[in-house]
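Report on one structure; see the data block that follows.
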Amino acid sequence: MFETLKTRPADSILALMQMYKDDPRPSKIDLGVGVYKDATGLTPIMRAVKAAEHQLWEAQDTKVYTGLAGDPGFSDAMIQLVLGDAVPRDKVAAVATPGGTGAVRQAFELIRMARPEARVFVSDPTWPNHLSILSYLGMEAVNYRYFDEDTRAVDFEGMIADIKGAKAGDVVLLHGCCHNPTGANLNLAQWQAVVDVLLETGAVPMIDIAYQGFGDGLEEDAGPTRLVASSVPECLIAASCSKNFGIYRERTGLLIAVSQNSEARKLHQDTLAFLNRQNFSFPPDHGARLVTMILNDAALKADWMAELEEVRGSMLSLRSQLAGELQRLSGSDRFGFLAEHRGMFSRLGASPEKVVEMRETHGIYMVGDSRMNIAGLNAETVPVLAKAIIDAGV
Ligand code: PLP
Ligand code: TYF
Numbered sequence: 001m002f003e004t005l006k007t008r009p010a011d012s013i014l015a016l017m018q019m020y021k022d023d024p025r026p027s028k029i030d031l032g033v034g035v036y037k038d039a040t041g042l043t044p045i046m047r048a049v050k051a052a053e054h055q056l057w058e059a060q061d062t063k064v065y066t067g068l069a070g071d072p073g074f075s076d077a078m079i080q081l082v083l084g085d086a087v088p089r090d091k092v093a094a095v096a097t098p099g100g101t102g103a104v105r106q107a108f109e110l111i112r113m114a115r116p117e118a119r120v121f122v123s124d125p126t127w128p129n130h131l132s133i134l135s136y137l138g139m140e141a142v143n144y145r146y147f148d149e150d151t152r153a154v155d156f157e158g159m160i161a162d163i164k165g166a167k168a169g170d171v172v173l174l175h176g177c178c179h180n181p182t183g184a185n186l187n188l189a190q191w192q193a194v195v196d197v198l199l200e201t202g203a204v205p206m207i208d209i210a211y212q213g214f215g216d217g218l219e220e221d222a223g224p225t226r227l228v229a230s231s232v233p234e235c236l237i238a239a240s241c242s243k244n245f246g247i248y249r250e251r252t253g254l255l256i257a258v259s260q261n262s263e264a265r266k267l268h269q270d271t272l273a274f275l276n277r278q279n280f281s282f283p284p285d286h287g288a289r290l291v292t293m294i295l296n297d298a299a300l301k302a303d304w305m306a307e308l309e310e311v312r313g314s315m316l317s318l319r320s321q322l323a324g325e326l327q328r329l330s331g332s333d334r335f336g337f338l339a340e341h342r343g344m345f346s347r348l349g350a351s352p353e354k355v356v357e358m359r360e361t362h363g364i365y366m367v368g369d370s371r372m373n374i375a376g377l378n379a380e381t382v383p384v385l386a387k388a389i390i391d392a393g394v
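Take the sequence shown: its letter number 20 is residue 20 in the UniProt record's numbering, and every next letter is one higher.
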């Protein structure tokens with residue numbers, strides 16, 4: 001029966017990971033998949049995560065099922081981390097999910113269940129998985145302008161004009177911080193203007209926040225999500241713990257639904273638990289438990305926050321090193337956007353041909369749309385990349 005299956009196009013980011021592995025050149029530089037790497041190229045286990053794992057190993061006396069929504073303690077801790085006190089708790093429903101991707105998937109399913117005809121407005125460009133999951137679920141994606149190819153900043157006028165096309169019953173998907181793949185972000189005044197459009201149109205926002213703490217700081221990065229959630233009647237938030245806790249393979253995420261009132265909250269909570277049951281029953285618990293332990297223990301939390309700040313600081317420093325080196329080599333400020341962007345990624349704005357040229361000539365691996373993972377650099381490779389960019393005539 002399975003001869004009817006078709007081969008599927010590979011995920012371009014994951015395919016690039018394999019190409020990098022297969023390249024024998026010792027000087028190769030991996031700026032592909034979005035994982036944090038330290039100066040030695042290692043993706044470390046964070047100190048607080050190691051400590052929590054140790055404690056958990058000593059103290060945990062059962063691995064019996066949790067609940068369909070996961071451990072409520074995890075939801076509480078994560079709601080506090082993401083939303084702070086922006087929204088009254090009796091309006092907030094949440095379920096643990098397998099990673100942020102699981103939260104995105106469940107959010108789309110919830111939207112489709114409530115309104116099969118809903119259109120989901122997505123930034124152009126966006127994380128490729130948004131588009132592929134929407135397409136897989138048979139849902140309509142509508143692009144809104146987001147990135148100005150010339151300035152490499154947000155095309156804010158284009159964005160506002162396009163999201164005005166959303167109607168009540170549509171959804172506008174927004175990246176909470178550290179936009180993937182561009183690195184270009186709205187300022188708070190611009191977020192307020194987006195909120196105004198959402199209120200005007202009645203479209204429901206969905207926020208994907210996968211990099212809280214990687215941009216301007218934990219609280220700062222949550223600011224836009226809190227602004228949106230406290231301003232609109234309903235919204236969905238898909239939060240990932242993969243990056244800011246460095247627990248990628250533990251598959252830890254949370255889907256939050258902010259409802260109009262506590263009655264609607266109950267319906268949301270039941271429906272989210274129902275969706276978990278249909279898809280996988282109980283969500284993974286190990287990573288969620290580590291996160292909960294860290295967020296609820298003052299010493300672990302302080303250490304986690306300190307290490308997250310080191311991670312954030314190292315990416316900011318690499319950004320300014322790269323922008324500085326390119327300024328020196330080009331004699332112009334045209335690469336200044338690299339220091340303005342936030343998070344792991346910057347879209348360089350090189351053509352696909354130049355991306356291939358840099359890979360073939362210099363062993364530099366960036367995604368085909370010229371997205372670079374800044375954390376893949378170090379003090380030695382910054383000048384190598386800068387020279388390759390200038391040599392390629394970007
Ligand atoms: N959303 C965005 C925009 C991402 O870049 C990612 C990837 O890290 C995710 C969601 C979800 O990641 P994960 O499923 O690994 O938690
Ligand atoms: O954009 C990235 O590189 C990360 C990791 O199917 C990722 O978000 C990439 C592809 C994918 C899942 C996660």
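Yeah, the Cβ is synthetic: ideal placement off N, Cα and C, and Gly gets one too.
Run the proximity test for Thr101: is its beta-carbon closer than 7 Å to any non-hydrogen atom belonging to the ligand PLP?
The residue you call residue 101 lines up with position 101 of the sequence shown. Under cutoff, so the answer is yes.
Going by DSSP, what residue range makes up the beta strand (DSSP E) through Arg371?
For the purposes of this step, residue 371 is identified with residue 371 of the sequence shown, where counting begins at 1. Note, Arg371: beta strand (DSSP E), Arg371 to Asn373.
What are the start and end residues of the beta strand (DSSP E) that includes Tyr144?
Locating residue 144 in the sequence shown gives position 144, where the first residue counts as 1. Start and end: Glu140 to Arg145.
Measure from the alpha carbon of Lys243 to the alpha carbon of each residue in Val33, Leu227, Glu53 and Asn187, then state which is nearest.
Numbered from its first residue, the sequence shown carries residue 243 at position 243. Of the listed residues, the one whose Cα sits closest to Lys243 is Val33.
Span separating the alpha-carbon of Met78 from that of Leu5
Taking the first residue of the sequence shown as position 1, residue 78 is located at position 78. Taking the first residue of the sequence shown as position 1, residue 5 is located at position 5. About 39 Å.
Suppose you measure from the CA of Tyr211 to the CA of Trp127; what does that come to, to the nearest Å?
The count along the sequence shown starts at 1 and reaches residue 211 at position 211. The count along the sequence shown starts at 1 and reaches residue 127 at position 127. Going from the Cα of Tyr211 to the Cα of Trp127 covers about 13 Å.
Restricting to runs no shorter than 3 residues, where is the beta strand (DSSP E) found entirely within the stretch 256-323?
As far as the stretch 256-323 is concerned, it has no whole beta strand (DSSP E) run of at least 3 residues.
Three or more beta-carbon pairs under 8 Å between the stretch 176-192 and the stretch 151-162, yes or no?
Result yes; three or more Cβ-Cβ pairs closer than 8 Å.
Around the Cβ of Arg328, are there at least 16 other Cβ atoms within 10 angstroms (buried) or fewer (exposed)?
Working through the sequence shown from its first residue, we reach residue 328 at position 328. Exposed is the call here.
Where the alpha helix (DSSP H) through Leu134 begins and ends
As a first step, residue 134 is located in the sequence shown; it is residue number 134 there, counting from the start. For Leu134, the uninterrupted alpha helix (DSSP H) run begins and ends at Pro128 to Tyr136, by DSSP.
Hey, would you say the C-beta of Val258 is under 7 Å away from at least one heavy atom of the ligand TYF?
Working through the sequence shown from its first residue, we reach residue 258 at position 258. Not under cutoff, so the answer is no.
Quick one: measure Cβ to Cβ for Pro98 and Arg251, integer angstroms, because I've assumed they're closer than 8 Å.
Taking the sequence shown and counting its residues from 1, the one referred to as residue 98 is at position 98. Taking the sequence shown and counting its residues from 1, the one referred to as residue 251 is at position 251. About 4 Å separates the two Cβ atoms, so the contact holds.
So Val355 and Ser370 are in contact, right, with Cβ under 8 Å, and what is the actual spacing, rounded?
On the sequence shown, residue 355 is found 355 positions in, with the first residue counted as 1. On the sequence shown, residue 370 is found 370 positions in, with the first residue counted as 1. Contact flag correct, Cβ pair sits at about 5 Å.
For His175, which residues of its own chain have a beta-carbon under 6 Å away from its beta-carbon, when the five flanking residues on both sides are left out?
For the purposes of this step, residue 175 is identified with residue 175 of the sequence shown, where counting begins at 1. Closer than 6 Å at Cβ, skipping near neighbours: Asp208.
State the start and end residues of the unbroken beta strand (DSSP E) segment that holds Met366.
Within the sequence shown, residue 366 is the residue found at index 366, counting from 1. Boundaries cannot be given for Met366, as no beta strand (DSSP E) includes it and DSSP labels it neither H nor E.
Using the Cα positions of Phe2 and Arg8, report the straight-line distance between them to the nearest angstrom.
Position 2 of the sequence shown holds residue 2. Position 8 of the sequence shown holds residue 8. Those two C-alpha atoms are separated by around 14 Å.
Nearest candidate by alpha-carbon position, reference Ala94, set Asn276, Pro224 and Met19
By 1-based counting over the sequence shown, the position of residue 94 is 94. Closest option to Ala94, Cα to Cα, is Asn276.
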